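Trainee:
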Amino acid sequence: MLPREVLGASRQVLEQSFQAAIENLIPHAIEALFAKASSSSSAVEQATVFQTRYYLQEKRQAILEKMQFFLRMLLDRGLETSYAHFRPASNILTQQADSLSLLDSMRFEETLRFNSITTLLRNQADQQLNELNLRISTLFGQEDIRERENPFRPYIFARCIEQAIESMRFEADIANLMVIYLSEALGRSISDIYQQVNADLARQGVEAKLIVKVKHNTDVSNTTTGKFGHSAFANSTSHYGRAAVVAAASGFPAMSMSSVPSLKDFISLQRGRAACAELNQDGQLNDSEFSWKSDKFALGDVLRRIFGKDDGRFPEGSGYTQFLNQTATNVKTQDLSFPAALLPLLKELQSEAASSGMLASERFASQSVLLKLLGKMHKQWVTEQTGLLNARGDLRNLLVEQRQNLRALTDKPEQQMLIDVISMLFESVFADTLITAELKQSFARLQFLYLQLALMDSSFVLAPRHPARLLLSRISSVMLAVTAHRATEREFEAEIAKIFKTLARHDCEVPGLFERIHTRFDIYVEKELRVQDKAIRRAVKSVEEAQLRYQEQSRLSLLISRPLADIPLAQQFKNFLELEWARAILLAARQSESQMQRFCAFVPDVIWSIQPKPSIEDRLLLTDKLPELKSCLQQGLDLLNWNNFKQNALYGWLNDAHQKALNTVTTGGTVLSQVELQNRFALLLRHIPLLCSEGDLSGEYTAIRPFLSAVTAEIDLAVHYLESEAYNTDAAAIPIALKPGKSFDSKAILDKLIAGTPLEIQYEGNARRACVHWSDPHACVLILSVSGVSEPVIAEQKYLLQQFSRSQAKLIEPGPAFERAITTMIRTADHLESQGQGNYPG
1 MLPREVLGAS RQVLEQSFQA AIENLIPHAI EALFAKASSS SSAVEQATVF QTRYYLQEKR
61 QAILEKMQFF LRMLLDRGLE TSYAHFRPAS NILTQQADSL SLLDSMRFEE TLRFNSITTL
121 LRNQADQQLN ELNLRISTLF GQEDIREREN PFRPYIFARC IEQAIESMRF EADIANLMVI
181 YLSEALGRSI SDIYQQVNAD LARQGVEAKL IVKVKHNTDV SNTTTGKFGH SAFANSTSHY
241 GRAAVVAAAS GFPAMSMSSV PSLKDFISLQ RGRAACAELN QDGQLNDSEF SWKSDKFALG
301 DVLRRIFGKD DGRFPEGSGY TQFLNQTATN VKTQDLSFPA ALLPLLKELQ SEAASSGMLA
361 SERFASQSVL LKLLGKMHKQ WVTEQTGLLN ARGDLRNLLV EQRQNLRALT DKPEQQMLID
421 VISMLFESVF ADTLITAELK QSFARLQFLY LQLALMDSSF VLAPRHPARL LLSRISSVML
481 AVTAHRATER EFEAEIAKIF KTLARHDCEV PGLFERIHTR FDIYVEKELR VQDKAIRRAV
541 KSVEEAQLRY QEQSRLSLLI SRPLADIPLA QQFKNFLELE WARAILLAAR QSESQMQRFC
601 AFVPDVIWSI QPKPSIEDRL LLTDKLPELK SCLQQGLDLL NWNNFKQNAL YGWLNDAHQK
661 ALNTVTTGGT VLSQVELQNR FALLLRHIPL LCSEGDLSGE YTAIRPFLSA VTAEIDLAVH
721 YLESEAYNTD AAAIPIALKP GKSFDSKAIL DKLIAGTPLE IQYEGNARRA CVHWSDPHAC
781 VLILSVSGVS EPVIAEQKYL LQQFSRSQAK LIEPGPAFER AITTMIRTAD HLESQGQGNY
841 PG
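Residue numbers are given in our numbering: position 823 of the sequence shown equals residue 823, and the series is strictly consecutive.
1. What are the boundary residues of the alpha helix (DSSP H) that includes C160?
2. If we count the other Cβ atoms within 10 Å of its Cβ and call it buried at 16 or more, is G788 buried or exposed?
3. Taking its Cβ as the centre, do 16 or more other Cβ atoms sit within 10 Å of F152, making it buried, or is it exposed?
4. How about E162 and F114: are their beta carbons less than 8 Å apart?
5. Helix, strand or coil for L324? Go by DSSP, reduced to three states.
6. Is the CB-CB distance between E700 and Y799 below 8 Å?
7. Pull up the CB-CB distance for H778 and L697, whole angstroms please, since I reckon it's below 8 Å.
8. Pick out whichever of A391, V719, Q441, I117 has its Cα sitting closest to the Cα of Q385.
9. Pull up the CB-CB distance for L529 and A770, whole angstroms please, since I reckon it's below 8 Å.
10. State the start and end residues of the unbroken alpha helix (DSSP H) segment that holds E528.
11. Helix, strand or coil, according to DSSP, for H773 in the structure here?
12. Can you say whether Q571 is buried or exposed, counting buried as having 16 or more other CB atoms within 10 angstroms of its CB?
13. With a cut-off of 8 Å, do at least 3 Cβ pairs link the stretch 583-592 to the stretch 610-623?
14. Throw me the rounded Cβ distance for the N24 and L132 pair, which I believe falls under 8 Å.
15. Given this structure, state the Cα-to-Cα distance separating L349 from A341, to the nearest angstrom.
16. Only counting the same chain, and skipping five residues up and downstream in sequence, which positions put a Cβ closer than 6 Å to that of L201?
17. Cutting at 7 Å between CB atoms, please list the residues of its own chain near R537, excluding the five before and the five after it.
18. Flag this pair as yes or no: are the beta carbons of I193 and G78 separated by less than 8 Å?
19. Over what stretch of residues does the beta strand (DSSP E) that includes L759 continue unbroken?
20. Spell out a yes or no on whether the stretch 463-474 and the stretch 504-520 are touching, meaning 3 or more CB-CB pairs, one atom from each, closer than 8 Å.
21. I'd like to check one pair, V421 with I306: are the Cβ atoms closer than 8 Å?
22. Run the proximity test for L324: is its beta-carbon closer than 7 Å to any non-hydrogen atom belonging to the ligand NAP?
23. What distance in whole Å lies between the Cβ atoms of Q124 and I190, which are believed to be in contact at a cut-off of 8 Å?
24. Go ahead and pull the three-state DSSP assignment for N397.
25. Alpha carbon to alpha carbon, how far is P27 from S41? Give it in angstroms, no decimals.
26. Is DSSP giving N766 helix, strand or coil here?
27. Between I174, E207, Q68, A172, which lies nearest to A158 when the distance is taken from Cα to Cα?
28. With H, G and I counted as helix, E and B as strand and the rest as coil, what does DSSP make of S262?
29. Rounded to a whole number of angstroms, what is the C-alpha to C-alpha distance between T119 and Q204?
30. What residue does the beta strand (DSSP E) around I754 start on, and which one ends it?
31. Is it right to say S294 is buried, meaning 16 or more other beta carbons lie within 10 angstroms of its own, or is it exposed?
32. Give me the DSSP bridge partner(s) of V793.
33. Nearest to Q196 by alpha carbon, out of R122, S262, A21, L263?
34. Does the distance from the CB of H687 to the CB of V793 come in under 8 Å?
35. Would DSSP call K59 helix, strand or coil?
36. What number of angstroms, rounded off, separates the C-alpha of K332 from the C-alpha of S262?
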């Protein structure tokens with residue numbers, strides 16, 4: 001079995017063990033909090049502890065579900081990256097306190113807290129964790145044992161608890177207590193969890209023994225099979241097949257390339273020869289071959305593997321080490337020379353690290369020095385005063401300019417590879433026509449930062465949902481969406497400028513830097529697009545109010561119809577009570593609670609009033625009640641705006657019913673007493689109005705639409721509608737080629753229709769740009785701003801999906817900006833290979 005298959009089986013054991021362990025998590029945490037409250041001498045602290053206990057009890061199920069959800073996410077990421085890529089020797093979460101000087105006090109305390117929790121779980125796991133680390137290294141055939149490569153390490157448990165509590169949005173003090181005490185409670189079971197995982201791995205034949213390999217002076221690039229005997233290119237005649245096919249349809253101009261593809265060729269293809277010559281004025285690209293890449297593999301296929309976009313031809317778990325030329329390095333064993341341009345930064349770094357004992361004789365070509373220098377280059381070399389345009393007006397590729405200096409600090413081919421890959425990535429970003437020129441300049445300031453991140457966190461290049469990738473894509477998408485709205489655009493430009501200023505002050509040694517910024521920006525986008533424009537804000541509130549009224553009336557109708565089911569009553573009067581009177585109760589609730597209760601009590605009373613009255617007592621009681629019933633009914637009819645004709649018809653029917661009830665001496669069936677009817681309608685009499693809408697309303701737009709019209713009319717709000725009734729009255733008139741096909745994935749489209757998404761829709765016969773301002777959480781409508789339309793547009797979700805299926809609506813972006821850059825980079829690499837394949841051994 002492949003390592004991923006083995007770990008997949010053990011993952012199931014771990015998840016089952018974790019699920020069993022957390023059943024007692026909340027009780028143990030509550031018990032510990034009770035002891036803390038008892039021993040506390042501070043009234044404020046006691047109040048916080050008791051409030052924490054209350055939330056743990058009330059939100060128990062939600063917390064446990066979120067912990068399991070985030071654990072699954074962390075396991076997905078961990079299993080993708082275990083021994084798959086080059087990793088730095090140090091973890092940013094285990095840095096010494098003096099390396100966290102950029103953090104404010106709160107962030108510093110959070111980092112220390114997280115480290116202490118992880119250490120607590122590690123200590124509790126003890127020998128079982130050591131055994132598991134050994135088994136994981138054995139599984140991947142590694143000589144050294146690295147806990148960070150263990151996808152089941154204590155970090156994921158600490159992180160899943162922290163993320164679960166963060167997502168609940170408790171107050172900071174309460175959240176801190178929850179994380180600490182839940183972690184301590186989990187510590188009781190962590191050893192048992194690891195024991196069961198070890199037992200499962202042992203059952204699968206993975207032993208806890210250290211592998212010692214004898215190294216031979218052989219060229220590893222000539223090895224064609226992986227650890228488990230799978231050929232990287234089994235039955236493959238040539239590695240240029242895909243490159244040639246892609247290049248044939250690429251539309252790139254024909255260019256004469258060197259025999260070996262180089263970074264210079266890549267930039268020439270992206271920018272043109274003249275622009276590349278301007279970039280290479282100081283000879284940075286004179287020696288720009290991809291020396292880190294094995295000649296056996298095409299550049300495009302290497303890039304696909306690096307970014308996790310290969311087609312499954314490569315052995316799982318092999319990472320990209322098989323593509324590397326392991327003999328490639330710029331640093332000789334005895335060469336301790338240092339790039340002159342970086343010496344000032346090195347001296348500053350040595351001064352800061354003097355207390356930790358860095359010696360001048362220490363080898364400079366190390367991962368930690370490279371990372372710290374990149375952080376300083378980002379913060380000191382790229383300021384607001386730094387010019388990012390060259391003489392031609394093109395954006396400077398700072399990584400290309402410093403390529404030789406950076407390569408001089410490397411001692412592994414993985415490092416050289418990432419320098420070139422991130423350089424090419426930014427070249428592709430600069431070539432993207434959907435990103436504004438201003439944004440490209442802002443992104444250009446992050447080149448050293450993103451290279452530092454790629455060297456520190458291998459999941460950055462592998463995981464499409466890495467926060468750093470999502471942030472770049474989200475900023476690009478939102479700015480594209482709001483471009484047509486000047487006031488909104490200015491507000492977002494100011495907010496995004498703050499983001500880039502924050503990133504300029506920090507580097508990737510700050511834990512969770514991109515994750516926190518991306519989360520805050522997402523919250524900002526959703527809030528501002530909803531409330532910034534007054535008309536949009538009122539439109540959102542109108543939709544919410546209409547949905548609430550619809551659900552409230554439906555609920556009232558149900559509370560009336562169920563008890564009425566077996567009561568012999570004229571169907572017309574039943575319909576009146578279930579539909580019209582339910583609406584009257586809804587309108588009365590907006591006046592006062594007492595009026596609503598009075599209208600609810602009318603239902604069992606009026607039904608009792610028209611039933612036979614054989615006894616004198618019942619007849620007298622009816623005579624007393626009739627004035628009140630008539631008064632309540634009249635007020636309800638006034639609220640319903642019934643005309644005189646309808647009112648007279650109802651009163652005439654009731655008069656006849658009451659006369660018949662008084663004249664009936666004997667009955668042929670069961671007559672319900674007033675108390676029995678009140679018991680039947682007990683839920684209606686105890687009715688409490690809804691405070692907010694609930695559930696899925698995706699199929700209820702037609703029913704909600706009248707309520708929406710009523711609400712907008714009440715507040716005098718002008719809106720436009722994009723809906724089936726108005727735009728799809730004759731489905732047969734739609735060309736057959738445009739009708740929805742079986743391949744249309746509506747869920748994939750809906751997942752992308754979030755606040756800040758730019759669209760192009762057919763509106764009033766023209767293609768127009770639109771921006772999603774609000775996506776209804778109940779899946780009923782979206783609120784858009786459309787170019788050339790001053791009022792908000794309320795779009796029925798189902799109808800908008802129909803437009804997408806008929807190609808009458810489309811997303812302006814074919815994909816997220818970061819993913820587009822990767823695609824462009826791979827496409828360019830394929831074209832380079834196709835241009836030069838005749839010169840390669842094949």
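Note that CB positions come from ideal geometry on N, CA and C, so glycine has one too. Note that the structure is predicted; figures quoted are calculated from it, not measured.
Mentor: The answer reads as follows:
1. 154-168
2. exposed
3. buried
4. yes
5. strand
6. no
7. 4 Å
8. Q441
9. No, L529 and A770 are not in contact; Cβ-Cβ is about 12 Å, not under 8 Å.
10. 513-531
11. strand
12. exposed
13. no
14. About 23 Å; that fails the 8 Å criterion.
15. 14 Å
16. S10, R135
17. R530, V531
18. no
19. 758-763
20. yes
21. yes
22. This structure lacks the ligand NAP; in fact it carries no ligand of any kind.
23. 5 Å
24. coil
25. 24 Å
26. strand
27. Q68
28. strand
29. 29 Å
30. Run containing I754: none; DSSP gives neither H nor E here.
31. buried
32. H720, L784
33. A21
34. no
35. coil
36. Because the pLDDT of K332 is 41, which lies under 50, any placement of that residue in the model is unreliable, and the question is left without a value.
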